[in-house]
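Residues -27 to -1, 1 to 891, numbered by mature numbering (1 follows the signal peptide of the UniProt record, and there is no 0), are exactly what the sequence shown covers, in order.
Glycine included, each C-beta is placed from N, C-alpha and C at the ideal position.
All of these numbers come straight from a predicted model, not from anything done at the bench.
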Amino acid sequence: MSMYCRERCAFGSVIWLMYMLSSHVNSFNVLASQVASLKHSDTQVIVQKQARRKLDDIGGSINIDCGISDNFTYQDAKTKLQYISDGTFISTGVNKHISTDFISDAIPSSFMNVRSFPDGKRNCYTMRPPEGKARIYLIRASFMYGNYDKADKLPEFDLYVGVNFWETVKFGIASQMVIKEIIHVPDLDNIYVCLVNTGSGTPFISALEVRHFHDSTYRTESGSLILYRRLDFGSTADQIIRYHDDIYDRIWFPYNCPHCKSCSTGFPIDSLNDTDFNLPSKVMSTAATPANAHNPLSFEFDIGDPNLDFNVYMHFAELQTLQANQYREFNITLNGNSLRGGIVPNYLHSTTVTSPQSVRGAKLSFALYKSENSTLPPILNAMEIYLVRVFSQEPTDKEDVIAIEEIKTRYELKEGWQGDPCVPVYAWDGLNCTYSGYDPPRITSLNLSSRGLTGHISQYFSNLKTLQHLDLSNNRLNGSVPEFLSQLSDLRILNLEGNKLSGSVPSSLTEKSINGTLTLRLDGNQDLICLPGPCKGEKSNSIVVPLAASIVPLVIIIMALVALYIYRRRRSASMQMPENTQQEEGSSLKSDNRHFTYAEIVQMTNNFRTVIGKGGVGTVYCGHMVDGTAIAVKMVSTSSTHGSSQFRTEAHLLMRVHHRNLASFIGYCNERSNIGIIYEYMACGNLEQYLQDKRKEPLSWKERLQIALDAAQGLEYLHSGCKPPIIHRDVKCANILLNEKLQAKIADFGLSKLFPGESRSHLSTMVAGTVGYVDPEYYSSNRLTEKSDVYSFGIVLLELITGQSAIIKNHDENVHIVHWISPFLARGDIRNAVDPRLPGKLNTNSLWKFLEIAMSCVPSISIQRPTMSHLVTELKECVEADTAGEQSWKLDGQTRGSSNSLEMSVIDLETELGPEVR
């Protein structure tokens, strides 16, 4: 998306300059012209409505000019919005001015200064809007480099909202004004906006703004909305529109689509009505319509990445008074698929049409067609497109956050303590956390040594339940050592040296120190009594030293024995193979050179930024190796009961299998609860997405044939090319991955089994697999054979030809795909059985051949099914037949004799013709 973000930001900068240079009519004059165009009886209503909206909707906003002096405020000359300093929102960074070479009257005041962050990996703004959490906010971050650091080098850095990645900030030129917007619903009362140093330049920011929306507007089922386009159709003024015209201060850019003409009205829109979106009248009073009234209103956006999800909001209002014989109604399509029908705009009243679900495609091609009854062409007044970003990273555990925030307030800790304690990417200074990539992070280590702490030790330390290491040394803490520190069951090191503590040490802490479960450091507290005598002077030494001399060697011996025992247990666990698998020489996970540390996994996935899949065992993330190679990382969830065993099975099997139609194994991570496998990245996702997600471009018949052959060859290798053979046990469309060339590869070997010894008959084991794909014989008898994979593969073939899922929801009951297709086969009705999304002309022989291959795989008795080797041969013949058909059609449909002569029959899915009964 970065290329398109740059395109949008560059476009925004040009229009912004046009806006600033243009003669921007103030709100009072606009309102006056609106009032003059209506009856006197209506004017009072309009004035009241406009005034009330402005006070309610923008009054609680946050407008921060980053980099101006503390306590300084000013009113923006164009918007009349009041901007304040960022001094109360962040405690790090330095204020800078952009170079005088870039200062002009055309640049808004908020871009004249920046706050730069040369120190620290992560710097966060903390904002607390009065509406609180779980409300809809527009957050806008603005940037202009302007050579503020005199380095004349464009930086690049990451922007986060809360604990999740928002976007990467990049610049094409030093004068470019980059504006990032996100519509977000925070889980906490505080909104954190963080700038993260990625090693490509010092992060900085020019302005930060927060606006509150009505809760019925841009709400989504999941995720936040990153602005891609916000367009004013039919604009003739070529001006940016924002506050005061837009009471929410959305920024609207003029857009003139190709082959369109503009229409407008002098009357205000929604002057007598409140709407959820509160669209600006200045935007809605213009619209685009086809230049040729008989043509559709068409336009498109080149997205590039077909896997991104977008939400679309289209805004309509009728601008002309229709005569009795005039009627405007139209339908909307996206990428050729119906998006919404029967749109009838209301006169001078806005209507918003949203996509019923997220849409996707390498291009977003929109077309508005007038309906049969319509006498007028379609119109479009405004449009918004947002990228849906699903945030998977959990914030730090709430109890830990409450505790550490109280500690922060109690001891006035500010430096490096901003945003979430553990994420994104880097924890607060002095903190260490656990990261599973799935569960909320927990604080495990806290080092506050030499931080000038005063007063008593806070009760809130005891609420950090997973704390293992606490260092409060070399401060000015006083009072007694509290008993509640002994309640931290995971605590292994407690350092209280160099303070002013007094009184006696709690016996519970002393006992833990003596038995070796806690390293307790108390030196330097002159008034502290840690044993029968005080912790100082000769009296203390006469008691402490002999006792320590006798205890320490015993403790060391015990700790060494415990460490040796744990090491052997872990080594045994890591070397242990799962049930019914054989470990080959050199395949031990512990000794394999493809092991990655968890820290490397975090770095490669950019702190688990991009989720590309989820399953019962864990989550799959996109990442990159050091050399730039794209990878997929599957992290096992700590809540998965069988995740670790399936991980070992999959890792061992992937080390020993190599085939172009099996997902390539790159490495693994196995550090305590952090378990993961690294694969090659498959750019086009999995087959299930292509067949079931109507937003994706449908696969052609030729592509489906090749995918089937690829998958068959991968399974044939497992059955016949491996010694001993391997049964996959979970063959399904979701486990067939597709690369950028749509080459298919089998993946996910967590349930796979090896045949022991020379036995090739069956394997008795508990049933595993996915409902709809499981072999009925295996399900009833627990007898697993290679033919169990054949059955599952047959279901995949039926899904490929029909476009249906393995289990079809039919009204109030579920129907298995084998039962669903059987009546069609009995009637010879192949037309109504094949996927209706397939393109027009298909080779009947190839279709029937493929269907016969699929049905041969699904008899309930396994002995009646073919082998995978036989299926590969059959599918190759099917591909050849289809290729011969293509060549025949290219020769004007004339059937030509050859060594591979076939009698051709062609059907068109757009007509009512079908094949003869077979």
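The beta carbon of residue 187 sits closer than 6 Å to the beta carbons of 249 from its chain, once the five residues preceding and following it are set aside; these are given in chain order. In this structure, 495 is the residue among 495, 472 and 462 with its C-alpha nearest to the C-alpha of residue 478. Exclusion of the five residues before and after residue 138 leaves 582 as the residues of its chain whose Cβ lies within less than 6 Å of its Cβ. With the rule of 3 Cβ pairs closer than 8 Å, the stretch 163 to 173 counts as touching the stretch 94 to 103.
Contact check for residue 596 against residue 608 fails: the beta carbons are separated by 8 Å or more. Annotation: the continuous alpha helix (DSSP H) that includes residue 674 extends over 674 to 689. Residue 709 is positioned such that its CB atom lies no closer than 8 Å to that of residue 688. The beta carbon of residue 275 is closer than 7 Å to those of 336 in its chain, skipping five residues each way along the sequence. Take the alpha-carbon of residue 739 and the one of residue 755: they are about 6 Å apart. Bridge partners of residue 225 according to DSSP: 214.
With respect to the 8 Å criterion, residue 237 and residue 209 are classified as neighbours on the basis of their beta carbons. Listed in chain order, the beta strand (DSSP E) runs fully inside the stretch 751 to 811 are 780 to 783 and 786 to 789, counting runs of at least 3 residues. In its chain, beyond the 5 residues on either side, 263, 264, 265, 268 and 271 have a beta carbon closer than 8 Å to the beta carbon of residue 232.
If you draw a 10 Å sphere on the C-beta of residue 291, you find 16 or more other C-beta atoms in it, and that means buried. Between residue 428 and residue 458, the beta carbon gap of about 16 Å keeps them out of contact (Cβ cut-off 8 Å). Sequence-distant partners of residue 793 (beyond 5 residues in either direction) whose C-beta falls short of 6 Å from its own C-beta, in its chain, are 781.
Taking 8 Å as the cut-off, the beta carbon of residue 393 is found closer than this to the beta carbon of residue 369.
Each residue's CA atom was taken as its position, placing residue 791 and residue 465 some 60 Å apart. The beta carbon of residue 469 is closer than 6 Å to those of 445 and 495 in its chain, skipping five residues each way along the sequence. Between the stretch 742 to 761 and the stretch 696 to 713 there are three or more inter-stretch CB-CB distances shorter than 8 Å, so the stretches are counted as touching. Selection 847, 833, 636 and 840 evaluated against residue 824 yields 847 as nearest (Cα-Cα). Non-local beta-carbon contacts of residue 764 in its own chain, meaning distances under 7 Å to residues more than five positions away in sequence, involve 748, 830, 831 and 838 in chain order.
The way I'd put it, the stretch 210 to 222 doesn't touch the stretch 149 to 159; fewer than three beta-carbon pairs between them come closer than 8 Å.
Taken atom to atom, the span from the alpha-carbon of residue 89 to that of residue 578 is near 26 Å. Sequence-distant Cβ neighbours of residue 135 in its own chain, meaning closer than 6 Å and more than five residues away, are 165. Scanning the stretch 370 to 409 for uninterrupted alpha helix (DSSP H) segments of 4 residues or longer gives 371 to 383, listed from N- to C-terminal end.
In the same chain as residue 115, and ignoring 5 residues on each side of it, the C-beta atoms closer than 6 Å to its own belong to 152, 179 and 180, in chain order. For residue 642, same chain residues with a beta-carbon under 6 Å away, outside a window of 5 residues either side, are 569, 571, 574 and 649 in chain order.
Non-local beta-carbon contacts of residue 673 in its own chain, meaning distances under 8 Å to residues more than five positions away in sequence, involve 811 and 812 in chain order.
Its Cα nearest to that of residue 403, the residue 381 stands out among 412, 381 and 413.
The residue among 260, 222, 246 and 256 with its C-alpha nearest the C-alpha of residue 234 is 260. In this chain, the beta strand (DSSP E) harbouring residue 477 covers 473 to 477. Taking C-beta atoms as the reference points, residue 338 and residue 300 fail to come closer than 8 Å. Separation of the CB atoms of residue 353 and residue 289 is rounded to 7 Å, and the pair is thereby assigned contact status at 8 Å. Here residue 296 is exposed, its C-beta having fewer than 16 other C-beta atoms within 10 Å. Residue 169 sits buried, since 16 or more C-beta atoms from the chains shown fall within 10 Å of its C-beta.
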